[in-house]
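K.L.:
The structure under discussion is supplied below as structure tokens; questions concerning it will follow.
Residue numbers (the numbering used here): -17 to 570.
Take a look at the structure:
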């Protein structure tokens, strides 16, 4: 496979996600005026694809006409659809040839199309016996241009081509409105899989553009690691084109990024006008990894005004293969980069990247200070009620901030994008994995060591049994209220019934060896599991409760008791928080 492209004209994209909004803003002057964007020369696009070394290059145009309507039932609603006509052009496709083809098809049908889709496929064939030329078109009118390899997930016979096999699989997909499946509804059509379900199964590098004729939807995207290039131009005005391409034509790239002129005119031998330079600098963006769709709406009348365009929205879809989703690692610190948990989190991320390099890990650094959390602290006090100690409040604040998921991501450390900058991020994860129950069942608390030293295995067993009997009162309700306040659901792997039953069957001296140093004997069984998984450094780290590892306890002690020493003398963790009298009285 080699290179692909798509040019869409006559379609106005009015809804962007935050990423595309950012891209669009880059094509705007500092004075707020939109930059003029010339149409991409088709001959230049073709030349950029030829440089990728294909065996052949072909083009296909789809024209959408408003006059040809068919009514299909969708529940109680009748939906009108535009019809499409196809034009095929050979390797010699040029801008003049495309224009001629468009004119011919307009004459044949008698109505000017409301939108044009030009697909380009440059093919370097590596598999299959018969010669293949893209774009590929199925009998149902679906069109595919594919740049990639299929090593698994979709069956490709030894004598077959990857792209043809993929098109056959996509032909079986459900053509229902893709929002139905995203909302958990079942297929109302042929019961086939969705396009994201098919694409999520592909093992190997890929980028593609796919036209689903029945639903009038453009699908496009890249594999989860972006191993095949796909650039995008998001239109920033009503008249500009929507363009996808494997590589950038030279005409749309500024050769000298350091020379930006403020000249008003274009004079030979001088720098181009500022508007032209800015446009070139901002024309292309890397398409973020993922699966996207643009469903072309249909006019509500049989005819459209000459100047009216189709209006559509870009939608990003979740991977159906959970292994392709990014995992957010949430870390709260009240001491910036110096908190013990922040240091451990960064070391843990590096270990995870080493043992699972194909997974996508994102460390979200949530920095906080109690001096800036007055209102939030009062809110968390209501969440932790009826628990009411400073320890409960400290743990509650740390969990509440973690569940909020608002922090910073170190681009250089996480390596999810080409940029190495540190950027603001809010986790969209709906499920949080929480480690509650590990210390209670595996002797992780300091008092467990004290009980063992004073009373041996029997005393340790009784203390751990008591911990599990009261965990519902001390921890679980409080933690659930703080986490669910952000609309998140907490999951507790160590409190899974099967995990609890397994630990109860193992002798206590196999679970912990508290006569050994801290970081070795406590939670011994979990440390051994970590070693088996390749987490050698994590297996040796000392256990720290969240209030100490994040250093919120130290900041709380200084704020409420004057110092750590004074707090320790007062047993600050168990001190009940006394609300000011005016907080308890009803407002006048």
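The C-beta atom is built at its ideal place from N, Cα and C for all residues, glycine as well.
All of these numbers come straight from a predicted model, not from anything done at the bench.
#1: Sort out for me which residues DSSP pairs residue 430 with in a bridge.
#2: What separation, rounded to the nearest whole angstrom, lies between the Cα atoms of residue 77 and residue 94?
#3: Figure out for me which residue from 356, 357 and 379 has the closest Cα to the Cα of residue 366.
#4: Roughly how many angstroms separate the alpha carbons of residue 301 and residue 274, rounded to a whole number?
#5: Between the Cα of residue -14 and the Cα atoms of -7, -6, 33 and 483, which residue gives the shortest distance?
#6: Leaving out five residues on either side along the sequence, give the residues of the same chain with a beta carbon under 6 Å from the beta carbon of residue 316.
#7: How do the stretch 436 to 448 and the stretch 351 to 361 stand: do at least 3 beta-carbon pairs fall below 8 Å, yes or no?
#8: Per DSSP, which residues does residue 390 bridge with? Please list them.
#9: Determine the closest residue to residue 421 out of 526, 465 and 116, with distance taken between C-alpha atoms.
#10: Give me the Cα-Cα distance between residue 40 and residue 102, rounded to the nearest whole angstrom.
#11: Can you tell me which of 120, 298, 344 and 499 puts its alpha carbon nearest to the alpha carbon of residue 388?
#12: Going by C-alpha distance, which of 419, 436, 440 and 488 is nearest residue 454?
#13: Take the Cβ of residue 416 as the centre, count every other Cβ of all protein chains shown within 10 Å, and call the residue buried at 16 or more, exposed below.
#14: May I ask you to report which of helix, strand or coil DSSP gives residue 158?
#15: Starting from the N-terminal side, write out each stretch of the alpha helix (DSSP H) that is 4 residues or longer and does not extend beyond the stretch 471 to 550.
#16: Taking the beta strand (DSSP E) that residue 194 belongs to, which residues open and close that run?
#17: Give the secondary structure of residue 362 by DSSP, where H, G and I count as helix, E and B as strand, and everything else as coil.
#18: Am I right that residue 104 and residue 31 are in contact with their C-beta atoms under 8 Å? What's the rounded C-beta distance?
#19: Where DSSP assigns a beta bridge to residue 130, which residues make up the other side?
#20: Which residues bound the alpha helix (DSSP H) around residue 461?
#21: Using the rule of at least 16 other Cβ atoms within 10 Å of the residue's Cβ for burial, across every protein chain shown, is residue 518 buried or exposed?
#22: In terms of DSSP beta bridges, what is residue 201 paired with?
#23: For residue -15, which beta-bridge partners are listed by DSSP?
#24: For residue 313, does the three-state DSSP call read helix, strand or coil?
#25: Compute the beta-carbon to beta-carbon distance between residue 411 and residue 303, rounded to the nearest angstrom, for a pair I have assumed lies under 8 Å.
#26: In this structure, how does DSSP classify residue 297 when only helix, strand and coil are distinguished?
#27: Can you grab the Cα-Cα spacing for the pair residue 212 / residue 320, in whole Å?
#28: Just to check my reading of the structure: residue -11 and residue 225 have Cβ atoms closer than 8 Å, yes? What is that Cβ distance to the nearest angstrom?
#29: Among the residues of its own chain, which have a CB less than 7 Å from the CB of residue 406, if the five just before and after it don't count?
#30: Give every residue of the same chain whose Cβ lies closer than 7 Å to the Cβ of residue 335, excluding the five residues on either side of it in the sequence, and list them in chain order.
#31: Along the alpha helix (DSSP H) that carries residue 149, what are the first and last residues, could you check?
#32: Are the beta-carbon atoms of residue 306 and residue 206 separated by less than 8 Å?
#33: Report the residue from 126, 184, 474 and 381 whose alpha carbon sits nearest the alpha carbon of residue 43.
#34: Per DSSP, what are the beta-bridge partners of residue 38 in this structure?
#35: Less than 8 Å between C-beta atoms, sequence neighbours within five positions excluded: which residues of the same chain meet that for residue 195?
#36: Do the stretch 184 to 203 and the stretch 124 to 144 touch if we need at least three Cβ pairs shorter than 8 Å?
P.N.:
With the structure as the only source:
#1: In DSSP, residue 430 forms no bridge with anything.
#2: Since pLDDT at residue 77 reaches only 45, below the 50 mark, its modelled position is unreliable, and the value read off the structure follows with that caveat. The alpha-carbon atoms of residue 77 and residue 94 are separated by roughly 18 Å.
#3: 379
#4: 11 Å
#5: 33
#6: 350, 532, 533, 534 and 537
#7: no
#8: 347 and 406
#9: 526
#10: 6 Å
#11: 344
#12: 419
#13: buried
#14: coil
#15: 479 to 487, 490 to 493, 506 to 514, 528 to 531 and 534 to 543
#16: 188 to 194
#17: helix
#18: 4 Å
#19: 188
#20: 459 to 466
#21: exposed
#22: 192 and 275
#23: 104
#24: strand
#25: With 8 Å as the limit, residue 411 and residue 303 do not qualify as a contact, their Cβ atoms being about 17 Å apart.
#26: strand
#27: 40 Å
#28: 5 Å
#29: 390
#30: 343
#31: 144 to 153
#32: yes
#33: 126
#34: 105
#35: 66, 122, 123, 124 and 125
#36: yes
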